[in-house]
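The block underneath contains the structure these notes are about, expressed in structure tokens.
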Amino acid sequence: MLIDHPLLGLRDSSEFIYRGDAKLLYRPNWKSKNSKTKFIDYGYLRKNPAGVHKELWYHEQGDRSWLVVTRNTVTHEILKVELARDTKGKLK
Amino acid sequence: MRNSSHPITNKQKLSFTFNGKKYFGYKGDTLASALIANNVKIVGRSFKYHRPRGIFSAGSEEPNALVELGDGPYKEPNTRATNIELFDGLESSSQNFLGSVNFDFMAINDLLKNFIGAGFYYKTFMWPRRFWEKLYEPIIRRAAGLGKLSLQADPSQYDKGYLHCDFLIIGSGISGLMSALLLAETGGEVLIVEEDFILGGRLNAETSVINGNQSSVWIGQAVKKLKSLKNVRILKRTTVFAAFDHGIFAAIEKKTDHIVEKSSKPRQINWKIYTKLCILASGAIERSIVFPQNDRPGIMLAGSVRTYANRFGAYYGQKIAIYTNNDDGWRTADDLKNMGLEINAVIDTRKEIEALSSSIPSYLGQTITKTYGRKGIKAIKLSSGSKLNVDCLAVSGGWSSNIHLTCHKRGKPVWDDNFKNFLSGGNGQKDKIIPVGAARGVFEIQNIISDTNRVILSLIKKICLSMPNRITLSCSKEQYRCALDLVSSSDPSNSFIDLQNDVTQKDIELSFKEGFKSVEHLKRYSTLGMATDQGKTSNILGLASMAKLKGTNISEVGTTIFRPPYVPVAISAFAGRSRGKDFRPTRLTPSHNAASKRNAVFVETGNWLRAQWFPEKGEKFWRQSVDREVIQTRNSVGICDVTTLGKIDIQGKDCSEFLNFVYTNAFAKLPINRVRYGLMLREDGVAYDDGTTARLGENHFIMTTTTANAPLVLRNLEFVRQCLLPNLDVHLISTTDSWAQYSVAGPNSRRLLQKFVDKPTDITNENFPFMACRELTICGGIMARLFRISFSGELAYEIAVPTQYGNALFDALLSEGQEFNAVPYGTEALGVMRIEKGHPAGNEINGQTTAQNLGLSRMISKKADSIGNILSERESFNGPNIATLSGFKPVQHSQKLEAGSHLISEGKKPTMENDEGWLSSVAFSPTLGHYIGLGFIERGGDRIGERVFAVNLLQNKITEVEIVSPHFIDPEGIKQRG
Amino acid sequence: MKYSGFKVLWEGLKGNTGWKPLWRNPDPKKNYEIIIVGGGGHGLATAYYLAEKFKITNIAVVEKGWLGSGNIGRNTTIIRSNYLLPQNQPFYEFSLKLWENLEQELNYNSMVSQRGVLNIFHSDSQRDAFVRRGNAMLMSGADASLLGVDALKKLVPFLDFQNSRFPIKGGLWQPRGGTVRHDAVAWGYAKEADSRGVDIIENCEVTNFLIKNGRCYGVETTKGVIKSKKVGVCVAGSSSQVMGKIGINLPVESHVLQAFVSEGLKPVIPGVITFGAGHFYVSQSNKGGLVFGGDIDGYNSYAQRGNLPVIEDVCEGGVALMPMIGRARLLRTWGGIMDMSMDGSPIIDRTKIRNLYFNGGWCYGGFKATPASGFCYAHLLATDKPHNDAKDFLFNRFERGGLIDEKGQGNQPNLH
């Protein structure tokens, strides 16, 4: 696969480490109510779609960016690539 | 036989051997064409029934003619004779027989066909139960397989290469060359890849006329033009064998396979091709027809008979018959006749057509019902009853577009009823594979020319490049009509479908009868299409046969899909240079040379090579060296390279907040020039890594990690920095390779280091106490960092200098240390001393143990959020019965302990239910004079003094041990603070 | 139909005219006692054990595609019980014992071939971990032995003992491990389940579950509504898709695992060999092909195909461990969808919907578990209580923290 790194352009996926569901960006607040349940959901439960999936890739053999890649898990087509810290920033 | 007027006979004469006999061929031959020219008919034996088989095709689709090449470690089994470029001195032999290829004792299987048809083994060999491994399976395995491995290491070298282009063109036939000419004009980078050792593809096998000349003239012009262009590259002898995501293709180039000298040059190159678009000009593959005894040597694909005659001037015999269901079979007849060969008959299954040649005896609407000649075809019998003597039967069941690569991304082929052919499922642009020519189901040359123009020009238009002119070629007109008469109706057990796997019409019928009707079941049950040719010539026959049984058509039956690779590829070619000692990179520590000079024995630690111990003269056994290193260190001073520990430089105004979050314990209040031990959890609350972190400035920390986790910790820190806390001002960089770091341990370590530290820095206990750190200079101005930390429990330091000074510093510490009897120590002594001190390491922090297990639950601060904090509170992590890190010593001091032993209370049987824990690390302690161990046992902290059994059933040892504190020496830490 | 050597001979003489389909092709009835969703190895085994051991035969197995089209037909065929953790090892040993009698029980030769499974180790700490594991195996009643380099040189002389980057220091050997002809397992279970009255319904996709008041009472399928008292889902890589229909998120990610086979070669490799310093394991089939594999590709995928980096990684491991396979050629690669769970271990449990049960999360290790998984799932479906050897394979272990993490990799499915 090729990942269109927002800073570096197309890079072979073998340069990256895969982490999975981009929901990992949204770690629960440890002080919130039911924080344990929320952390269990955060840590363990996944939607795991057959189709479009937002997921985290880390450019370990590169610039060490964490990326949010929007990819189809059936065709492997990549629809969008963003820097994780940008998507996170947008939410704030 | 060889046509003596064929141009190939003007080329260099080559000698080669087959089954020990010497033959001659010409440069430009394949092994197959040379064997045909020499009239060698039996080339191999089939997989199951060991029937004699000859050359069947002229390309990668060959099911029969598999030979072994070379000798000794160069031996290469299962090589298709049709793909081997002949060279002088080539050695080849048949395979898969017992006796000789002409008299194969295993051919007895052929007589047992009725009993050993598809799936017979599922129904028997079950009694008595024990006989399977002892009797039945060994017999089956003796018969299994095709060629033999040499059992020696592959001596050849293989390279990998990367190619980037805009247009990858697979195949250099007329549609491939046309595509290249058109696309080259756009200015884009064009890569043409051709499997053969000559360009031109199918044109080389035909007598087609282009622009009034033999097609070779046009090929020559086209190639010359392409070679003159800077943006075109041509690879011959290269097969694109797999298609991957996003326009990545893999191709294998044969570099020296056709050269007799086994040079030091790479044998093959495995290319990774990155392309924007792929033009698939891979042509078509002819299929056979199912009829009784259709596998005899001398029965060949008609198009291949034509190839051998036209391209190589090679043919079998003088009495040739053609058996066809389509117009192309007639073309073979014409070509051979024009060469002066005698064509006995054209048998066409189609009744309603008129004979396409008036001068050849034709039998329309007839089928072949029998053939004769076990070791080479002698005669055929027609449905009309007439018997014809022949010595070669050319069969054409029509052509199948070669769409293997379009299946690699699971594109399902679709049936084209017009040409009775499966076409690319057409994932369209997303697939980036665009078939042209015969691969697109266009079979007549005049149509290939116009269609290729159309497809490529509309492609260029679509991607908005400047439009080239269409290519105008005049050519001979062809006609191709095809019927789907593929299946025989008589003698199904002798009518072969998959030649290599010996799948017969009868096997398809049996599969049908037993309910294996879906194509996937059919494939798995009958083994249809699972041989080394992946059923390139045969799958469709099986599908046609199943369709007939089901009373439906092929499009209803559907098809299985081809899997990568297109042709089998040597496993070595994927490994490339990553083998032997180069399997993985080797990282050397900065003191590697100095350690080698001192005869160090090295050990692999991940990719690192570390000194394990330093044997001295007279020491015969590793323990002697290790015990000495430990004692000398504890008595005076020892030096160990600890560079491999991960070092991460952390800077920024929020780094203490950051550290508070990644470690369980707080770092914000750590004073400058102080070090603190930190524990990291994973988010699931399990212990992950530990190490010390030093504060060099208000906004500057140096974290150390374990050797194994160095890259992983950095990855996780980056995750926290970019994904969880992106608003913090923190910067990270790994400095593991930048600093050489040595542990200097033992009561004399301070005195030794004082000789190095530049004035006025003072490292006395008062001014540089335990857990102090400082940036300083040594040896008159060399930048260094000094940490007063101890893994051994001794008064100890770690000193770091820029890597380039590492080797010299190691030498200097030892030479300056001579007055103290300083000793270099390796990872073994390091391990012994950390077990004596009770420090957990990789065997204890193994990804399964928690802070609670390690007795470190106090370190999880509940004042602030940290990774793993919440989930470490889960019930199974806590509670009174969890296993905790404890020390163990044998009750009988003379007894040895073994790591991996399980702990069982007295009087209990060693079963899983009674399992209370395990020994994780053991060592002989030269300090204490007996074995000691660290391990985990339920309620360990409460059971000090209790005796249990360390059970090692694997080595039949049971040792009584006493549970003790994990801190075997100096539990109060007096020494390290001294 | 009963198979035997005699029958094969008799049919051979008669021209093989008397063979019958292994299973019927029934239309679904309106009602069943139990519906198993998924006609793969585990689903068919579950149906068989429900019928054979728990005497429940009014069962439908509904399968989206063709029977055995999932991982039972695309794995590397290894069976073994060489686990470390007490929650796992007894279960896999139970499975191995079921394998040992499977062919006789099913009257179908799936070629359970106990030619041994060898795990090579390359360092002292790896050895320590294998000793601990070997002892766990012995304590669970399995077999294991620790082999030194000399023993390995006799058993597998073709390994690279001379020039390897990571020296071979020994191996953990389980003689009772081995390989099985994978497709035949599905066919054998199907045949015997069918003969006990189980309806196996192929090409029948479950499109939804029928749920009322928190209870499941059947399924909607492409062949219509089918009702039942209980529904057991058993769909491996499709687990999230199927359970997602009723909004249940699982602790599972679907990943692609590639498998590889070489051209047929005269047999040289005994049993199964696993490299300890790279990602590679290999056995040789009874047709002569080297069957090998390595790591999963590492990204979520439902594509049933992989990419080049893993092919290279696996072949590097193979040539590093046994350089004599270098000139053998890779013939085919294919991929399966692995239901990678969050701790690397499976789930056989009830769900929060009553009468709806779940079996999944087998990662890439489901094949060897097939008999025990079927047996334990049947036990749960029939009695509503977990089988003793699968009592820890529950959803609530993530909540409680009772993780079953053989590799110690944490909640990161692609690392298990």
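Line by line, the protein sequences give chains A, B and C. Mapping of the first sequence onto the numbering used here: residues 3 to 94, in sequence order. Mapping of the second sequence onto the numbering used here: residues 205 to 1182, in sequence order. Mapping of the third sequence onto the numbering used here: residues 13 to 428, in sequence order. Glycine included, each C-beta is placed from N, C-alpha and C at the ideal position.
Contact with chain A by residue i, beta-carbon distance below 9 Å
| i | result |
| --- | --- |
| C:ALA315 | yes |
| C:PHE410 | yes |
| B:CYS927 | yes |
| C:GLY256 | yes |
| C:PHE75 | Before going further, note that residue 75 of chain C is Glu rather than Phe in the sequence given. No, C:GLU75 lies away from the interface with chain A (no Cβ there is under 9 Å from its Cβ). |
| B:ASP1069 | yes |
Contact set between residue i and chain B, taken where Cβ atoms lie within less than 8 Å
| i | result |
| --- | --- |
| A:TRP62 | Inspection of the sequence shows that residue 62 of chain A is occupied by Glu rather than by Trp. Per Cβ cutoff of 8 Å: PRO915 and ARG919. |
C-beta neighbour in chain B for residue i, strict 9 Å
| i | result |
| --- | --- |
| A:GLY90 | Going by the sequence as given, residue 90 of chain A is Lys instead of Gly. At least one chain B Cβ lies under 9 Å of A:LYS90. |
| A:LEU10 | no |
| A:TRP32 | yes |
| C:TRP111 | no |
9 Å Cβ cutoff, residue i in contact with chain E
| i | result |
| --- | --- |
| B:TYR1009 | This model lacks chain E altogether; the protein chains it does include are A, B and C. |
Cross-chain neighbours of residue i in chain A, by beta carbon under 7 Å
| i | result |
| --- | --- |
| B:HIS450 | MET3 and LEU4 |
| C:ILE310 | It is worth fixing the name first, because residue 310 of chain C is Gly in this sequence and not Ile. Going along chain A in sequence order, the residues near C:GLY310 (Cβ under 7 Å) are TYR20. |
| C:ASN423 | GLY45 and TYR46 |
Neighbour flag for residue i against chain C, beta carbons, 9 Å
| i | result |
| --- | --- |
| B:GLY632 | For B:GLY632, the pLDDT reaches just 47, beneath the cut-off of 50, and the residue's location in the model is therefore unreliable, although a value from the coordinates is still provided. No, because no Cβ of chain C sits closer than 9 Å to the Cβ of B:GLY632. |
| A:SER16 | yes |
Start and end residues, alpha helix (DSSP H) containing residue i
| i | result |
| --- | --- |
| B:MET1037 | 1031-1041 |
| B:ILE343 | 341-347 |
| B:LYS727 | 723-730 |
| B:ASN920 | 914-923 |
| B:MET382 | 378-388 |
| B:ALA426 | 419-432 |
| C:HIS391 | 378-395 |
Chain B residues whose Cβ lies nearer than 7 Å to that of residue i
| i | result |
| --- | --- |
| C:PRO279 | ARG345, ALA348 and GLY349 |
Enclosing beta strand (DSSP E) for residue i [first to last residue]
| i | result |
| --- | --- |
| B:TYR366 | 362-374 |
| B:GLN816 | 812-817 |
| B:VAL271 | 270-273 |
| B:ASP552 | 546-552 |
| B:ILE637 | 637-639 |
Chain-ordered neighbours of residue i on chain C, where CB pairs are closer than 7 Å
| i | result |
| --- | --- |
| B:ASP1119 | PRO98 and MET151 |
Contacts of residue i in chain C (Cβ-Cβ under 9 Å)
| i | result |
| --- | --- |
| A:THR96 | Absent from the structure is residue 96 of chain A, since the part of chain A shown begins at 3 and ends at 94. |
| A:ALA24 | Those within 9 Å of A:ALA24 in chain C number zero; the least Cβ separation is about 11 Å. |
Closer than 9 Å at the beta carbon, the chain B residues around residue i
| i | result |
| --- | --- |
| C:ILE337 | LEU353, ASP358, ILE775 and SER776 |
Chain A residues whose Cβ lies nearer than 9 Å to that of residue i
| i | result |
| --- | --- |
| C:SER252 | ARG48, LYS49, ASN50, PRO51 and ALA52 |
Is there contact between the region 71-89 of chain C and the region 221-228 of chain C, where contact requires at least three CB pairs shorter than 8 Å? no
Between the region 355-373 of chain C and chain A, which residues of the former have CB atoms less than 8 Å from a CB of the latter, in chain order? none
Contact set between the region 1074-1094 of chain B and chain A, restricted to residues whose Cβ is under 8 Å from the partner: ILE1074, LEU1075, GLU1077 and ARG1078
Beta carbons nearer than 7 Å to chain C: which residues of the region 1036-1065 of chain B have them? GLY1046, ASN1047, ASN1050, GLY1051 and GLN1052
Near-chain B residues of the region 197-218 of chain C - C-beta to any C-beta below 7 Å: none
Relative to chain A, which residues along the region 927-956 of chain B have a C-beta separation below 7 Å, given in chain order? CYS927, LEU928 and PRO930
Taking contact to mean 3 or more Cβ pairs, one atom from each stretch, closer than 8 Å, check whether the region 37-55 of chain A and the region 256-274 of chain C are in contact. yes
Segment contact, 8 Å Cβ cut-off, at least three pairs: the region 698-715 of chain B with the region 246-254 of chain B: Proximity of the region 698-715 of chain B to the region 246-254 of chain B meets the contact definition, three or more beta-carbon pairs being nearer than 8 Å.
Does the pairing of the region 197-215 of chain C with the region 26-41 of chain C give three or more beta-carbon distances under 8 Å? Output reads yes: the region 26-41 of chain C touches the region 197-215 of chain C.
Would you call the region 1107-1119 of chain B and the region 1146-1161 of chain B touching, i.e. three or more CB-CB distances under 8 Å? Contact between the region 1107-1119 of chain B and the region 1146-1161 of chain B is present, because at least three Cβ pairs lie under 8 Å.
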